[in-house]
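First up is the structure itself, then whatever we jot down about it.
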């Protein structure tokens, strides 16, 4: 399980990216610039967007079915759990190459604002899960009249 | 039998595509199903069938997919970005034992499945020994 919290603008891979950029500059475009391997790191990969009215969380879940995904929100924590099932006759198949992982996964995402979980909306399309989380009234900015 | 399997081996090195911008290498599973055909499964999350291009040319199967994620506009600020849409590209060398006219592909849940049936000439045939 991965828990992460990010102050806005903080990039944990900044140092690595700088090294990569330097290497690219020295050796041309050979280091990962043209072809990037997907996968590795925490699964599933997520995007978090912060809008004025709502937060949007996108998860990349290629090959996952609706019934295998479990979403839950507690306070400011969103948990995406699920299972990536292998084919039914998996033990009889002769694999030549196996890069896609199978099995259970869980990722905990600390949201940058409080949300109204009752109005959350999630849909799975083409292997991408999009969760829309309307911000709770308390999290929205309020204008204060200066007298 | 084992020797034969090595012969079929699908060569799956990431090949640099000629596309501009960043090219992503999709994760693939390649296995032999019970009927002897080879099944190739590739993860192309966010791709629609019209954005996918599969070609077989001179014994090389190339798979390309353009994926675009839903965009939300300028009112949304990125808090965290773990993945993005892009151009997926991968090429595989095919041996002659596949029937190239019968290659089938389907797309479901962001997964592309390509089925490569073996050519009739490549299938194992039992040879009857006739008695005198």
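Residue numbers (my numbering), protein chains in the order written: chain A, 20 to 166; chain B, 11 to 142.
The beta carbon of each residue, even a glycine, is placed where N, CA and C say it ideally should be.
Asked	Found
Own chain partners of residue 115/B with C-beta closer than 8 Å, once the 5 adjacent residues on each side are dropped	62, 64, 122, 123, 124, 125
CB contact check: residue 197/B to chain A, cutoff 8 Å	Summary: the structure shown does not reach residue 197/B, with chain B confined to residues 11 through 142, and so no result is reported for it.
Interface positions of the segment 87-100 of chain A facing chain B (Cβ-Cβ less than 7 Å), listed along the chain	none
Chain A contact for residue 131/B (CB, 8 Å cutoff)	no
Beta-carbon contacts of residue 81/A that lie in its chain and below 6 Å, excluding the five residues immediately before and after	146
Residues that DSSP places opposite residue 102/B in a beta bridge	71/B
Interface residues of the segment 106-139 of chain B facing chain A [CB-CB below 7 Å]	119, 120, 121
Whole-Å CB distance - residue 98/B paired with residue 34/B, under 8 Å assumed	5 Å
Residue 85/B at chain A interface by Cβ criterion, 8 Å	yes
Neighbour flag for residue 140/A against chain B, beta carbons, 8 Å	no
Beta-carbon proximity check, residue 77/A vs residue 152/A, cutoff 8 Å	no
Sub-8 Å separation of residue 38/B and residue 118/A beta-carbons	yes
Contact under 8 Å by Cβ, residue 136/A with residue 92/A	yes
Exposure of residue 170/A, with buried meaning 16 or more beta-carbon neighbours within 10 Å	Residue 170/A cannot be examined here, being either before or after the span of chain A that is shown, 20 to 166.
DSSP three-state assignment for residue 61/A, whether helix, strand or coil	coil
Nearest-angstrom Cβ-Cβ length linking residue 55/B and residue 79/A, presumed shorter than 8 Å	5 Å
Cα-Cα separation, residue 46/B to residue 139/A	46 Å
Close beta carbons around residue 117/B, own chain, < 6 Å, minus the five adjacent residues each side	59
Beta-carbon proximity of residue 36/A to residue 95/A, cut-off 8 Å	no
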